[in-house]
Amino acid sequence: MPIKESARILSSCPNLLVPGACSPVSCTTSCSCIGPKRVHRGRPTSLPNRGALSSKLNHASARCYASVSGPPPSKRSSGAAAGYTWPTSLHPTPYEILAHPRDTQYSKALFYELVKIYHPDRNPAAAHSSIPHSVRLERYRLVVAANEILSDSAKRRAYDLYGAGWDGNRTLQNLYREADRSWRSKPGNASRNATWEDWERWRHERDGEKPPQTPLFMSNELFVVVLCSFVVVGSFAQARRASNSTLNVIEMRDQKHAAISDSIQQRQNDQASLNRQERVESFLRQRDSWKLVSSRDRGPEPPP
């Protein structure tokens, strides 16, 4: 019957409009079915004849494949980095690098986009490949340093008040140059070693080994011999001096003893030839002379 054939055509071809539907049903396959016919409500639709239906049925029974039509979707541009340009100042601040106002809350959206642009591992054929690698590396370092300051409230406050934590004017070349200069200025560095003697001396100083002692004026053995010689000569001189002093003392004692002996002997000889009266008178003279000598030594006696 014509009604059954019409139902079979409608079920096999989804591009037909169903009466009373609000929108046409789209077909995702590459086959082309019967074109949609706009049907108005309340109006009767005329069904196609049997020949047309059978030809369209045969065309609908053909195998269809899925295909993509239309141009490929373009890469969506980043909204955070759109219109961003690197600061033109010689020493940009963290706020200038991340295009962030000072009195607003920090957002990392631009930071993420700049990291994707200036990261050292980025493909050289990327959009910003015209920038030299050294410049990209330096900008990447500044971007990371600026993010560390702005993302930390304490560091951000310290930077706002005192400018602490920001070395934007120190490039990598300057850092390497300062490190090399500081290494060369340190005591005991190996930058001035030219010969193997310099290297040996440097290794001894580094390992704490003292160089072997070398004689300045004479060897230690010769110095000991000279010192012992001085000691022996000095000891001998002191012994000679002591012996001479002892001999002099003994000689002086013997001379004094001989003088006393001679005086006694002389007195005895003088007394032997005198009689008793002469001996008494000699005694009295000696007594008076002793009394006179003793009185002179004591001084004049006071008057009674």
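Count along the sequence shown starting at 1, add 1, and that's the number in the working numbering.
A virtual CB, placed ideally from N, CA and C, is assigned to each residue, including glycine.
Keep in mind it's a predicted model, so treat the numbers as computed, not measured.
Inter-stretch contact (C-beta, 8 Å, three-pair minimum) for the region 189 to 197 and the region 139 to 152 = no
How about I150 and Y160: do their beta carbons lie closer than 7 Å?
-> yes
How big is the Cα-Cα spacing for R277 and A259?
-> 29 Å
Determine the direct distance from the alpha carbon of L99 to that of Y107, and round the result to whole angstroms.
-> 10 Å
Every unbroken alpha helix (DSSP H) inside the region 86 to 120 [4 residues or more] = 95 to 98 and 110 to 119
Buried or exposed: I118, going by 16 or more other Cβ atoms within 10 Å of its Cβ?
-> buried
Between which two residues does the alpha helix (DSSP H) containing S131 stretch?
-> Taken as a continuous stretch (DSSP letters only), S131 belongs to no alpha helix (DSSP H), as it is neither H nor E.
With DSSP run on the structure shown, which of helix, strand or coil describes S290?
-> helix
If you run the structure through DSSP and keep just helix, strand and coil, what is N276?
-> coil
According to the neighbour-count rule (16 or more other Cβ atoms, all chains shown, within 10 Å of its Cβ), is P102 buried or exposed?
-> exposed
Sort T105, Q267, A83 and R182 by Cα distance to L115 and report the nearest one.
-> A83
Beta-carbon proximity list for P121, same chain, < 6 Å, skipping 5 on both sides | L138
May I have the straight-line CA-CA distance separating A240 from K257, to the nearest angstrom?
-> 26 Å
Return the first residue and the last residue of the alpha helix (DSSP H) that K156 is part of.
-> S154 to Y163
Is D168 helix, strand or coil when you go by DSSP?
-> coil
How big is the Cα-Cα spacing for L275 and L285?
-> 14 Å
Using a threshold of 7 Å, state whether the C-beta atoms of G166 and K156 are closer than that.
-> yes
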